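Below you'll find the structure, written out as structure tokens, and then a few comments.
Okay, structure coming up:
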């Protein structure tokens with residue numbers, strides 16, 4: 197609207213300007229023509245006047261009456277108000293009359309005066325004088341056909357200018373009136389235009405504004421708004437309105453469908469969530485049952501652990517770490533104190549968790565039968581018997597064997613040097629320097645031994661003590677005088693389909709010296725992954741750890757071992773159960 | 239016969255087999271909960287494989303196991319038994335036991351297996367850094 201108005205105003209202004217400037221041009225042309233005409237009239241009048249005056253002057257001069265001639269010129273020119281002044285000069289340049297000069301002696305001959313002297317015809321020349329433009333009409337004076345001089349009449353154009361100025365004023369007045377009239381016409385025209393534009397725009401824009409309003413309502417979800425629209429015309433707006441009504445109907449339909457979908461979806465989500473909750477509850481209930489069952493199993497497994505008071509009373513300098521990876525585990529340790537000595541065993545069954553724990557039951561029960569019930573204390577023989585019991589219990593000795601499970605074990609039997617191990621003889625290998633320690637050390641140890649072991653309330657002196665060790669893939673570590681040594685067990689596991697029932701496990705006999713510490717671990721300790729490269733803890737690291745701390749009280753040693761293990765493990769998960777036994781006599 | 243291809247997970251090693259060169263690659267850790275169940279198809283596959291092996295073909299196994307539990311160790315021994323039998327029948331079987339020199343346990347296990355085999359070639363190969 198504003199643009200249209202501006203364009204209209206500009207158009208009217210341009211038209212008015214063009215009209216006025218052309219009108220002004222015409223008027224100015226007319227004025228110029230009139231000015232020229234007036235000038236010609238003046239010249240014609242001047243020429244008539246000068247020829248008449250010339251005649252009189254020539255007559256007077258012919259009669260040598262120069263004063264009359266001068267007077268005639270003066271009087272005649274004074275009468276004519278158009279004439280500014282008159283000059284009469286002889287050809288020799290002698291001034292006879294100059295109407296503006298009272299004293300002819302003041303006259304100085306100018307170039308213009310000199311040129312006029314030789315004029316032969318009547319001329320009219322316009323030029324500029326100090327007080328404005330003038331027209332000079334000059335006529336030669338002849339006496340008896342002889343040139344005598346020249347008469348010049350200088351006409352002022354003052355009157356002409358006044359008239360021209362008058363005409364200009366008239367033109368300006370006319371122009372102003374014309375502008376005023378044009379403005380009035382334009383205004384009237386513009387008002388008419390405004391009215392027409394307003395009417396037209398109302399016709400087109402009102403339905404569009406209404407449609408916009410309805411569209412806003414639609415966007416808010418109010419589909420009832422579209423029922424207010426009606427098609428009022430058949431033009432583009434009508435077509436647009438029709439399309440809009442169609443669109444809003446379709447929009448309403450899809451909206452309703454979407455709402456329905458959404459409701460169905462919500463319903464489905466609720467149902468699925470409920471199902472999930474139910475499943476979760478079921479899973480969690482099942483889990484709780486399993487966990488309760490395992491916790492109960494833990495109680496049973498823990499009941500199988502030895503009586504700690506009894507063994508601690510016998511071996512006060514000792515620690516027993518038993519840390520299943522899960523609630524129950526495949527590691528177990530066994531102790532038995534009897535007349536003549538005691539046995540400490542650690543067992544690492546295949547697997548961990550519940551299957552491991554089941555295996556420990558078999559192993560513990562078997563050890564109890566062999567050691568406590570049958571009174572067999574010889575470690576090598578115990579392992580051989582254990583192998584038989586495990587294999588036969590799991591039917592691994594038959595072709596129909598299902599289980600391929602087994603265990604690794606390390607058994608220490610401490611006794612007084614004089615007594616012989618009970619049970620069937622097993623080959624006893626004396627550690628003659630090459631395997632564990634030198635003869636010298638052994639001798640020194642024996643000589644220095646002064647501490648004792650309490651056995652059934654009596655003290656067993658360590659100088660008379662011997663340790664017999666046998667291992668099934670389990671080692672014994674001895675720390676003495678800041679030296680750590682390993683007594684390797686046999687590379688034969690117990691159980692499993694492949695183990696040999698007739699295999700004889702090697703007994704290693706060590707004479708216990710003063711301050712000698714013994715350690716056994718299951719592979720959960722040395723195999724644990726950790727450190728920078730995520731490698732196993734390793735035996736060398738374990739040996740160093742034992743060597744460094746063997747002098748400390750055993751409860752401190754236990755703490756340091758667990759702390760070192762945890763630090764090495766870092767954020768890696770525990771892979772296996774861990775059992776560590778350490779003791780000193 | 240299907241190709242043997244096992245993707246490594248946290249608990250089992252990855253196994254790939256190049257049937258053209260008869261080269262196996264075994265790499266990773268092995269400590270699954272139920273070892274026997276998991277590996278019995280692998281052992282069966284190997285038994286069938288050596289049965290159908292053409293005369294004059296060699297078998298190479300590159301093994302890089304950093305950690306394995308005791309039941310996995312039993313499975314390894316079963317596998318080595320099968321291969322040892324095959325080696326006794328004249329097939330050239332080479333096992334490259336790849337270990338990191340800083341990982342003493344891995345070397346120790348390798349040495350242990352090396353002692354048990356006779357007919358096949360068991361190389362202890364320090365890992366190239």
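Chains as they are written, first to last, in the working numbering: chain P, 197 to 781; chain R, 239 to 367.
Even glycine gets a Cβ: it sits at the ideal position worked out from N, Cα and C.
On a predicted model such as this, the values are computed, not experimentally measured, just so you know.
Alpha carbon to alpha carbon, how far is residue 574 of chain P from residue 660 of chain P? Give it in angstroms, no decimals. The residue you call residue 660 of chain P lines up with position 464 of the first chain. The residue you call residue 574 of chain P lines up with position 378 of the first chain. Distance between the alpha carbons of residue 660 of chain P and residue 574 of chain P: 18 Å.
So is residue 355 of chain P buried or exposed if we call it buried at 16+ other beta carbons inside 10 Å? Here residue 355 of chain P refers to the residue found at position 159 when the first chain is read from its first residue. Note on residue 355 of chain P: under 16 other CB atoms within 10 angstroms of its CB, so exposed under the neighbour-count rule.
For the alpha helix (DSSP H) that contains residue 605 of chain P, what are its first and last residues? Your numbering for residue 605 of chain P matches position 409 in the first chain. No alpha helix (DSSP H) contains residue 605 of chain P, which is instead part of the beta strand (DSSP E) from 602 to 612.
Go ahead and pull the three-state DSSP assignment for residue 535 of chain P. Taking the first residue of the first chain as 1, we reach residue 535 of chain P at position 339. Coil.
Would you verify that the beta carbon of residue 323 of chain R is, or is not, closer than 9 Å to some beta carbon of chain P? Residue numbering aside, residue 323 of chain R sits at position 85 when the second chain is read from its first letter. Not an interface residue.
Going along the chain, which residues of its own chain have a beta-carbon closer than 6 Å to the beta-carbon of residue 262 of chain R, five neighbours each way excluded? Reading the second chain from its first residue, position 24 is the one you call residue 262 of chain R. The answer, listed in chain order, is 255 and 299.
Between residue 513 of chain P and residue 662 of chain P, what straight-line distance do the alpha-carbon atoms span, to the nearest angstrom? The residue labelled residue 513 of chain P in the question sits at position 317 within the first chain. The residue labelled residue 662 of chain P in the question sits at position 466 within the first chain. Distance between the alpha carbons of residue 513 of chain P and residue 662 of chain P is about 17 Å.
Does the Cβ-Cβ distance between residue 540 of chain P and residue 610 of chain P come in under 9 Å? Here residue 540 of chain P refers to the residue found at position 344 when the first chain is read from its first residue. Here residue 610 of chain P refers to the residue found at position 414 when the first chain is read from its first residue. Yes, they are a contact pair.
Within this structure, are the beta carbons of residue 542 of chain P and residue 777 of chain P separated by less than 9 Å? Translated into the one-based positions of the first chain, residue 542 of chain P becomes position 346. Translated into the one-based positions of the first chain, residue 777 of chain P becomes position 581. The answer is yes: Cβ separation under 9 Å.
Is the CB of residue 338 of chain R under 9 Å away from at least one CB in chain P? Within the second chain, numbered from 1, the residue matching residue 338 of chain R stands at position 100. True, the Cβ-Cβ gap to chain P drops below 9 Å.
Can you tell which of P/769, P/545, P/562 and P/600 has the C-alpha that lies nearest to the C-alpha of residue 719 of chain P? On the first chain, position 523 is the one that residue 719 of chain P refers to. The shortest Cα separation from residue 719 of chain P among P/769, P/545, P/562 and P/600 belongs to P/545.
Along the beta strand (DSSP E) that carries residue 282 of chain P, what are the first and last residues, could you check? The residue you call residue 282 of chain P lines up with position 86 of the first chain. Looking at the DSSP string, the run of the beta strand (DSSP E) that includes residue 282 of chain P is 279 to 286.
Host beta strand (DSSP E) of residue 355 of chain R (start-end): As a first step, residue 355 of chain R is located in the second chain; it is residue number 117 there, counting from the start. Element bounds for residue 355 of chain R: n/a, residue is neither H nor E.
Distance check for residue 532 of chain P and residue 538 of chain P, CA to CA, integer angstroms please. In the first chain, residue 538 of chain P corresponds to position 342, counting from 1. In the first chain, residue 532 of chain P corresponds to position 336, counting from 1. Using only the alpha carbons, I get a separation of about 6 Å.
Could you tell me whether the stretch 752 to 759 of chain P touches the stretch 687 to 704 of chain P, using the rule of 3 or more Cβ pairs below 8 Å? no
Residue 734 of chain P: contacting residues in chain R (beta-carbon distance under 7 Å): Numbered from 1 along the first chain, position 538 holds the residue referred to as residue 734 of chain P. Here the neighbours are 342 and 343.
Outcome for residue 763 of chain P when other beta-carbon atoms lying within 10 angstroms are tallied against a minimum of 16: As a position in the first chain, residue 763 of chain P is number 567, starting the count at 1. Counting Cβ neighbours within 10 Å, residue 763 of chain P comes out exposed, since fewer than 16 surround it.
Taking only beta-carbon positions, decide if residue 764 of chain P is within less than 9 Å of chain R. Within the first chain, numbered from 1, the residue matching residue 764 of chain P stands at position 568. No, residue 764 of chain P lies away from the interface with chain R (no Cβ there is under 9 Å from its Cβ).
Relative to the alpha-carbon of residue 322 of chain R, which residue among R/251, R/351 and R/247 has its alpha-carbon at the smallest distance? Residue numbering aside, residue 322 of chain R sits at position 84 when the second chain is read from its first letter. That would be R/351, whose Cα lies nearest to the Cα of residue 322 of chain R.
Return the CA-CA distance between residue 649 of chain P and residue 606 of chain P, expressed in angstroms with no decimal places. Here residue 649 of chain P refers to the residue found at position 453 of the first chain. Here residue 606 of chain P refers to the residue found at position 410 of the first chain. With a pLDDT of only 48 at residue 649 of chain P, under the threshold of 50, the placement of this residue in the model should not be trusted; the figure read from the coordinates follows. If I take the Cα positions, the gap works out to 21 Å.
With DSSP collapsed to three states, give me the class of residue 548 of chain P. In the first chain, residue 548 of chain P corresponds to position 352, counting from 1. Residue 548 of chain P falls in the coil class under three-state DSSP.
Distance cutoff 9 Å, beta carbons only. Does residue 731 of chain P sit that close to anything in chain R? Start at 1 with the first residue of the first chain, and residue 731 of chain P comes out as number 535. By this cut-off, residue 731 of chain P is an interface position.
Outcome for residue 269 of chain P when other beta-carbon atoms lying within 10 angstroms are tallied against a minimum of 16: Locating residue 269 of chain P in the first chain gives position 73, where the first residue counts as 1. By the neighbour-count rule (16 or more Cβ atoms within 10 Å), residue 269 of chain P is buried.
Hey, is the stretch 307 to 316 of chain P in contact with the stretch 331 to 339 of chain P, meaning 3+ C-beta pairs nearer than 8 Å? Contact between the stretch 307 to 316 of chain P and the stretch 331 to 339 of chain P is present, with at least three C-beta pairs closer than 8 Å.
In terms of residue numbering, what span does the beta strand (DSSP E) encompassing residue 519 of chain P cover? Along the first chain, read from residue 1 onward, the residue named residue 519 of chain P stands at position 323. Its beta strand (DSSP E) spans residues 514 to 519.
Would you mind telling me which residues of chain R sit closer than 7 Å to residue 687 of chain P, beta carbon to beta carbon, in chain order? Residue numbering aside, residue 687 of chain P sits at position 491 when the first chain is read from its first letter. Correct list: 350.
Measure the alpha-carbon distance for residue 572 of chain P versus residue 520 of chain P and round it to whole angstroms. Within the first chain, numbered from 1, the residue matching residue 572 of chain P stands at position 376. Within the first chain, numbered from 1, the residue matching residue 520 of chain P stands at position 324. Answer to the nearest angstrom: the Cα atoms are 28 Å apart.
Residue 697 of chain P versus P/685, P/522 and P/581, residue with shortest Cα-Cα distance: Taking the first chain and counting its residues from 1, the one referred to as residue 697 of chain P is at position 501. The shortest C-alpha separation from residue 697 of chain P is found at P/581.
So the beta strand (DSSP E) residue 346 of chain P belongs to, where does it begin and stop? In the first chain, counting from the first residue as 1, residue 346 of chain P sits at position 150. Residues 342 to 352.
Neighbouring residues, chain R, relative to residue 600 of chain P (Cβ below 7 Å): Looking up residue 600 of chain P in the first chain gives position 404. The contacting residues are 274 and 312.
Express the C-alpha separation of residue 346 of chain P and residue 314 of chain P in angstroms, rounding to a whole number. Taking the first chain and counting its residues from 1, the one referred to as residue 314 of chain P is at position 118. Taking the first chain and counting its residues from 1, the one referred to as residue 346 of chain P is at position 150. Each residue's alpha carbon lies about 8 Å from the other.
Alpha carbon to alpha carbon, what distance is there between residue 334 of chain R and residue 363 of chain R? As a first step, residue 363 of chain R is located in the second chain; it is residue number 125 there, counting from the start. As a first step, residue 334 of chain R is located in the second chain; it is residue number 96 there, counting from the start. Distance between the alpha carbons of residue 363 of chain R and residue 334 of chain R: 6 Å.
In whole angstroms, give me the CA-to-CA distance for residue 686 of chain P and residue 667 of chain P. Taking the first residue of the first chain as position 1, residue 686 of chain P is located at position 490. Taking the first residue of the first chain as position 1, residue 667 of chain P is located at position 471. The straight-line gap from Cα to Cα measures roughly 6 Å.
How many Å lie between residue 518 of chain P and residue 507 of chain P at the Cα? Your numbering for residue 518 of chain P matches position 322 in the first chain. Your numbering for residue 507 of chain P matches position 311 in the first chain. Each residue's Cα considered, the two are about 15 Å apart.
Kindly say whether residue 633 of chain P, judged by its beta-carbon, lies nearer than 9 Å to any beta-carbon of chain R. Your numbering for residue 633 of chain P matches position 437 in the first chain. Bear in mind that a pLDDT of 40 at residue 633 of chain P, under 50, signals an unreliable position, so the number given afterwards is only what the model happens to contain. Chain R contact via Cβ: absent.
Residue environment, residue 468 of chain P, which counts as buried when at least 16 other CB atoms sit within 10 Å: Taking the first chain and counting its residues from 1, one reaches residue 468 of chain P at position 272. The residue in question, residue 468 of chain P, is exposed, as its Cβ has fewer than 16 Cβ neighbours within 10 Å.
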